[in-house]
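S.K.: Let me give you the structure first, and then I'll get to my questions.
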Amino acid sequence: MLSATVPIAPTPDFWQQAVRLLLREGQPLGQALHSETQAAAALDFSGVQLMVPAFSHAQNFKAALARELRRPFIAPRINTLSGLLAMQVPGESAPPSESERLMQLYAQLREHGWLKNMFSARRNADLLPLAHTLLALSDELTLALLPEIRASAEGEQAAVGRWAQALAQLLEPLAPSAHGMLSDEAALVWQVWKTQLDANDRIVQRFDAMLALAERASLPLVWVSPTAPEPLDAAFLATYARHQPVRIVTLDWSRQAIAPLHPVYLAAWEELVAEDEGVPPAFLEPASLPDPATVKAPALPLPLLCPAPDLESAAVQSAQIVLRWLEQGKGEIAIVAQDRVTARRLRALLERAEVAVADETGWKLSTTRAAAALAAWNDLVSARGETNALLDLLKSPFVFPDDPDRADRVMRIEARLRRANIAGDWQALQSAFAQAEDGADLACITLLARQAARFGGRKTLAQWCDTQRALCQALGMENALRDDGAGEQCLLMLDDIAAGQGGLEDSFSFAEWRALLNLRLDATSYMPPIKDRRVVMLPLNGARLRRFDAVLVIGADAAHLPSPPQETLFFSNAVRRELNLVTRGERQRQQLRDLTELLCVNPEVVLCWQTHQDGEPNPVSPWIQRLELKLAQQGMAPLRNVHWQAPLRKLQAQRSSMPAPSAPELLPSSLSASGFGSFLACPYQFFAARMLRVAVMDELSDLPEKRDYGSWLHEILHRYHAHLREQATPLAARPALLAGISEEVFQREMQRHPAALAFHARWQKVMPAYLLWANEREADGWQFVFGEQSQSQALSWQDGGIELYGRLDRVDQNAQGERALLDYKTRSVASLRQKVKEEDDHQLAFYGLLAGGAIEHAHYVALELGSDKKTGDAAAPDFLRKQDMLKQQITTTLHQVAQGAPLPANGIESVCQYCDMRGLCRKGAWL
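Residue numbers are given in the numbering used here: position 631 of the sequence shown equals residue 764, and the series is strictly consecutive.
Structure below.
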């Protein structure tokens, strides 16, 4: 049977030309058109098989056929090759799943230690990406060489010869020292390919199915493709042509076809035409083809340029362009996403404007919120309960979605962990919530720890999938994932991995399972549901043989157009050319042809890009630069720039002034010493932090802070003095007692924070001086009464009142029954003596009010060595008088607040400098 190629130049009426050619007498569709029996009835083209690249092209073909015939007809049988193969009876044995295939190869690779050295892998799991790359190379070799191997008995030997020749070309220019490593890499790739090339290989089975389909050919075939057939497709068409006529309709990129229609593009981009490329002479039917010189393409304007200074500007400009096109009534708009980052921002802006974007490319499943929830759990297990990983997991909307108290619980957990500065570890997390008021918080952490324990040891892929699914059920994620499109796809992927284990019985560690899951999530595309197709986002090659009302190309810069090449292992251009693989030059030529077709077919094209990235100039694509140069050389008008401004809105300016809110109904019912200190420092700070309860989360730190050191010393000294109160201890035994308690506390903390060793050493230097001071104080008649005790005291005024609360570090008593309040400070005694002299120091007086006036003396106790290598205490002067003054001050000021007194932001600069509420009062805007 005859096989012929029908080349058509890239023009807006490609489909119309294809229909006209195929309706000619002697062509597959022409036989039905010119049949006498079909004169009065509907034309029946169902006796022709039409194969198109994608199902969207079927609509283009039928629309062109309807325009040409203007009468009823029965369309040809239109399908894609993949769709037609899916309709065939499946083979006896199914190919292994991608996960099984990948892990089988990985299980073999991890047995060879020299591979880890060659590819700098620190652990076995690092070889998993290598296995993925080797399988990709193996598939590429199969696609290129399989038809040649099957063509004759000498085909396999010819492939071996090609491989040897390619390797020789690679090694020839290199130093002898590099030959060994590259030879090992080459041997690895070749061996992997040979082991994959068997009857169970997915590509081999597909090729066998293609040939079987061609052997059973019963209908003439019209093959439509924008590019030349790949080796497997060419073998399929050759086999089909032995039984039925075949017509190959494709784009004509020959010089004689392009020159009359698009001379400017051909002059600028001469590599569009490959002189060594052409249609095989045996496939040509010159008499049936139109003369390219007589084909008139409509004159289309040159593309417009839209340079933008940065990513946000590029996205905003692009959004304005698309919205303007929609206002003009354009119903088919394409966004070619060369720069995916800017494209995502553009999509967000359009969705904010309630414009749906039909994404035909899809996004990596790993970028979805559902996949992020699975990844957050694996990160938490890998980090052994690290706090940030825990919070990331708990904040996922898929975790505990049915818990009505979920938001408050997550907030409580985060606040407690940050306040205690717990970096992680499951035991430390559970200890932190052992005394929590809400037992459900501890139950939540315990559940997570119990589930994390199940992710240890080694398991088969099916067992890992079962463990992951059991986790989803335990955390209530199952239903939430099912209700989400991407989440449903994640669950199906887990099912596929489990079902596709096949004969793979190897067991894998959690690190290996996590690496596999990440690879699969990265390799799987998520396609959001498409409801509105007015705006379509697609890759450059997705626009082949399609026409739109307008096209926006995002990323027309040198970094994205052409797309950067991806070299794989040692597969250089020379090696790829020798093995008949697609080279970098061929990829770039095809990409340039895709761009040229886009410009030749669509009536309006805008090329947008960022002129600067990370502070560096980002030039436009070299292809566009060459086009601009050719236009200048030929004396033509340059490419026009467009810049559409967003609609302007006039806002009424309002002068800023110092905020001074009044909120008597928000007066808190209780007050601490630090709270009243905030009021004195800045009333607005008190309003925001204590009345509105705007709180800033503490930052987690890998290193213990000074406040942690202070809390440890409080615990140590309380236990030490309580022991002395209960049991008489000789002076000689007291250093050992204090050292033992200190060692116990610091050893516990150093297990959580090894950096606590520095504070341990610091305290060991202070202990002798502290013991000396404490013993002298005891000799003066003062005895420890209690410590670390919470106290409260009601304070009232007319029509109101407030409760003072706080925690007393220590209270001593002498033989006369006088009591003294002691407050520990990790400061030197000299600084503390200066502190008690300050009039605005009210902390000791406040603690005195908590005790109801039953304390006559107050001291700050220094827990740092001074210049004399001693500690000591600083006594508060006029302690009783200061208590009375503070009581009057609190009563008066808070009574005024309760009566509606304003709370101005009048803090001094030293207060404002580190104030967390400065973003609310916006002092810099009104001062």
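All C-beta atoms, glycine included, are put in the ideal place defined by N, C-alpha and C. Please read all numbers here as calculations on a predicted model, not as lab measurements.
With a cut-off of 8 Å on the beta carbons, I'd call A491 and V686 a contact; round off their distance for me.
M.R.: Against the sequence shown, residue 491 aligns to sequence position 358. Against the sequence shown, residue 686 aligns to sequence position 553. Not really, about 17 Å apart at Cβ, beyond 8 Å.
S.K.: Whole angstroms are fine: how far does the CA of S179 sit from the CA of I207?
M.R.: Position 74 of the sequence shown holds residue 207. Position 46 of the sequence shown holds residue 179. Between I207 and S179, the C-alpha separation is close to 6 Å.
S.K.: Threshold first: 4 residues or longer. Then list the alpha helix (DSSP H) segments lying entirely within the stretch 344 to 416, N to C.
M.R.: Taking only runs of at least 4 residues, the alpha helix (DSSP H) segments lying wholly in the stretch 344 to 416 are 364 to 374, 388 to 391, 396 to 401.
S.K.: P364 and W356: beta carbons closer than 9 Å?
M.R.: On the sequence shown, residue 364 is found 231 positions in, with the first residue counted as 1. On the sequence shown, residue 356 is found 223 positions in, with the first residue counted as 1. No; because the gap between Cβ atoms is not below 9 Å, this pair is not in contact.
S.K.: Might you give, ordered along the chain, the residues of its own chain that have their beta carbon closer than 8 Å to the beta carbon of A151, omitting 5 neighbours on each side?
M.R.: In the sequence shown, the residue the question calls residue 151 occupies position 18. V139, I141, F194, A197, V357, V382, listed in sequence order.
S.K.: For A491, does the three-state DSSP call read helix, strand or coil?
M.R.: Within the sequence shown, numbered from 1, the residue matching residue 491 stands at position 358. Strand at A491.
S.K.: Are the beta-carbon atoms belonging to V739 and A683 less than 9 Å from one another?
M.R.: Taking the sequence shown and counting its residues from 1, one reaches residue 739 at position 606. Taking the sequence shown and counting its residues from 1, one reaches residue 683 at position 550. In this structure, A683 lies closer than 9 Å to V739 by Cβ.
S.K.: Please tell me whether L526 and L562 are closer than 9 Å, where the distance is taken between their beta carbons.
M.R.: Within the sequence shown, residue 526 is the residue found at index 393, counting from 1. Within the sequence shown, residue 562 is the residue found at index 429, counting from 1. Not in contact: L526 and L562 (Cβ atoms no closer than 9 Å).
S.K.: Taking Q560 as the reference, which of M769, L575, S451 has the closest Cα?
M.R.: For the purposes of this step, residue 560 is taken as residue 427 along the sequence shown, with counting starting at 1. Checking every option, the nearest Cα to that of Q560 belongs to L575.
S.K.: DSSP puts L685 in a beta bridge; with which residues?
M.R.: As a working mapping, residue 685 is identified with position 552 in the sequence shown. DSSP lists I468, V739 as partners of L685.
S.K.: Answer yes if the stretch 910 to 917 comes into contact with the stretch 956 to 966, meaning at least three C-beta pairs across the two stretches below 8 Å, and no otherwise.
M.R.: Touching, no.
S.K.: Going by DSSP in three states, T328 sits in which element: helix, strand or coil?
M.R.: Walking along the sequence shown from the start, residue 328 turns up at place 195. In the structure shown, T328 sits in a helix (DSSP, three-state: H, G or I).
S.K.: Is it right to say L864 is buried, meaning 16 or more other beta carbons lie within 10 angstroms of its own, or is it exposed?
M.R.: Working through the sequence shown from its first residue, we reach residue 864 at position 731. It counts as exposed.
S.K.: Which value, in whole angstroms, describes the spacing of the CA atoms of L330 and E225?
M.R.: Within the sequence shown, numbered from 1, the residue matching residue 330 stands at position 197. Within the sequence shown, numbered from 1, the residue matching residue 225 stands at position 92. Distance between the alpha carbons of L330 and E225: 18 Å.
S.K.: Grouping DSSP H, G and I as helix and E and B as strand, with all else coil, what is W930?
M.R.: Counted from its first residue, the sequence shown places residue 930 at position 797. It is a strand residue.
S.K.: Suppose the cutoff is 7 Å on Cβ atoms and the five residues either side in sequence are ignored; what does the same chain contact list for G934 look like?
M.R.: Position 801 of the sequence shown, counting from 1, holds the residue named residue 934. Around G934: A927, L928.
S.K.: Measure how close the beta-carbons of G688 and D472 come, nearest whole angstrom, since I'm counting them as under 8 Å.
M.R.: On the sequence shown, residue 688 is found 555 positions in, with the first residue counted as 1. On the sequence shown, residue 472 is found 339 positions in, with the first residue counted as 1. The pair is a contact, with the Cβ atoms about 3 Å apart (cut-off 8 Å).
S.K.: Do you know offhand how far A821's Cα is from A793's?
M.R.: Here residue 821 refers to the residue found at position 688 when the sequence shown is read from its first residue. Here residue 793 refers to the residue found at position 660 when the sequence shown is read from its first residue. Approximately 11 Å, taken between the alpha carbons.
S.K.: Here's the rule: buried if 16 or more other CB atoms are within 10 angstroms of the residue's CB, otherwise exposed. What is I466?
M.R.: Translated into the one-based positions of the sequence shown, residue 466 becomes position 333. Its Cβ being crowded by 16 or more others within 10 Å, I466 is buried.
S.K.: Identify the continuous beta strand (DSSP E) that holds K1056 and give its terminal residues.
M.R.: Along the sequence shown, read from residue 1 onward, the residue named residue 1056 stands at position 923. No beta strand (DSSP E) holds K1056; the alpha helix (DSSP H) holding it covers 1056 to 1059.
S.K.: Leaving aside the five residues before and after L800 along the sequence, list all residues of the same chain whose C-beta is less than 6 Å from its C-beta, in chain order.
M.R.: Locating residue 800 in the sequence shown gives position 667, where the first residue counts as 1. Around L800: V1030, A1031.
S.K.: Is it right to say A311 is buried, meaning 16 or more other beta carbons lie within 10 angstroms of its own, or is it exposed?
M.R.: For the purposes of this step, residue 311 is identified with residue 178 of the sequence shown, where counting begins at 1. Because A311 carries a pLDDT of 46, less than 50, the predicted location of this residue cannot be relied on, and no value is offered for it.
S.K.: Closest by CA to R545, which one among M830, R943, E848, H975?
M.R.: As a first step, residue 545 is located in the sequence shown; it is residue number 412 there, counting from the start. R545 has its Cα closest to that of M830, out of M830, R943, E848, H975.
S.K.: Within 8 Å, do at least three Cβ pairs link the stretch 1038 to 1055 to the stretch 1005 to 1020?
M.R.: No, they do not touch.
S.K.: So L235 packs on H265, CB below 8 Å; how close in whole Å?
M.R.: As a position in the sequence shown, residue 235 is number 102, starting the count at 1. As a position in the sequence shown, residue 265 is number 132, starting the count at 1. About 6 Å separates the two Cβ atoms, so the contact holds.
S.K.: Among residues of its own chain, excluding the 5 on either side of V899, which ones have a beta-carbon nearer than 8 Å to its beta-carbon?
M.R.: Taking the first residue of the sequence shown as 1, we reach residue 899 at position 766. Within the same chain, V899 has close Cβ partners L996, E997, L998, T1004.
S.K.: Could you please give the first and the last residue of the uninterrupted alpha helix (DSSP H) stretch that includes D123?
M.R.: Since the displayed the chain opens at 134 and closes at 1060, residue 123 lies outside it and no answer follows.
S.K.: Helix, strand or coil for E229 per DSSP?
M.R.: Numbered from 1 along the sequence shown, position 96 holds the residue referred to as residue 229. In the sequence on display, residue 229 carries Pro and not Glu. Of the three classes helix, strand and coil, the one that applies to P229 here is coil, per DSSP.
S.K.: Are the CB atoms of L580 and A607 nearer to each other than 9 Å?
M.R.: To locate residue 580, count along the sequence shown from 1; it is residue 447. To locate residue 607, count along the sequence shown from 1; it is residue 474. Yes, the pair counts as a contact, with Cβ atoms nearer than the cut-off.
S.K.: Determine the extent of the beta strand (DSSP E) in which D1044 is found, giving its start and end residues.
M.R.: Here the question's residue 1044 lines up with position 911 in the sequence shown. Correcting the residue type first, residue 1044 is Val in the shown sequence and not Asp. Not the beta strand (DSSP E): V1044 falls in the alpha helix (DSSP H), residues 1042 to 1045.
S.K.: On the criterion of 16 or more Cβ atoms from any shown chain inside 10 Å, does I663 qualify as buried, or is it exposed?
M.R.: For the purposes of this step, residue 663 is taken as the residue at position 530 of the sequence shown. I663 is exposed by the Cβ-count criterion.
S.K.: Can L937 and S811 be called in contact, C-beta distance under 9 Å?
M.R.: For the purposes of this step, residue 937 is taken as residue 804 along the sequence shown, with counting starting at 1. For the purposes of this step, residue 811 is taken as residue 678 along the sequence shown, with counting starting at 1. Contact flag unset, no.
S.K.: Return the chain-ordered ranges of every beta strand (DSSP E) run that is complete within the stretch 705 to 784 and spans a minimum of 3 residues.
M.R.: You should have 738 to 743.
S.K.: Please classify D1011: is it buried, with 16 or more other beta-carbons within 10 angstroms of its beta-carbon, or exposed?
M.R.: Locating residue 1011 in the sequence shown gives position 878, counting from the first residue. Classification of D1011: exposed, given that the 10 Å Cβ count is below 16.
S.K.: What does a CB cutoff of less than 8 Å around A1061 pick up in its chain, not counting 5 residues either side in sequence?
M.R.: Here the chain comprises residues numbered 134 to 1060, so residue 1061 is not present and cannot be evaluated.
S.K.: Tell me, please, whether the stretch 634 to 652 touches the stretch 434 to 451 by the rule of three or more beta-carbon pairs shorter than 8 Å.
M.R.: No contact exists between the stretch 634 to 652 and the stretch 434 to 451.
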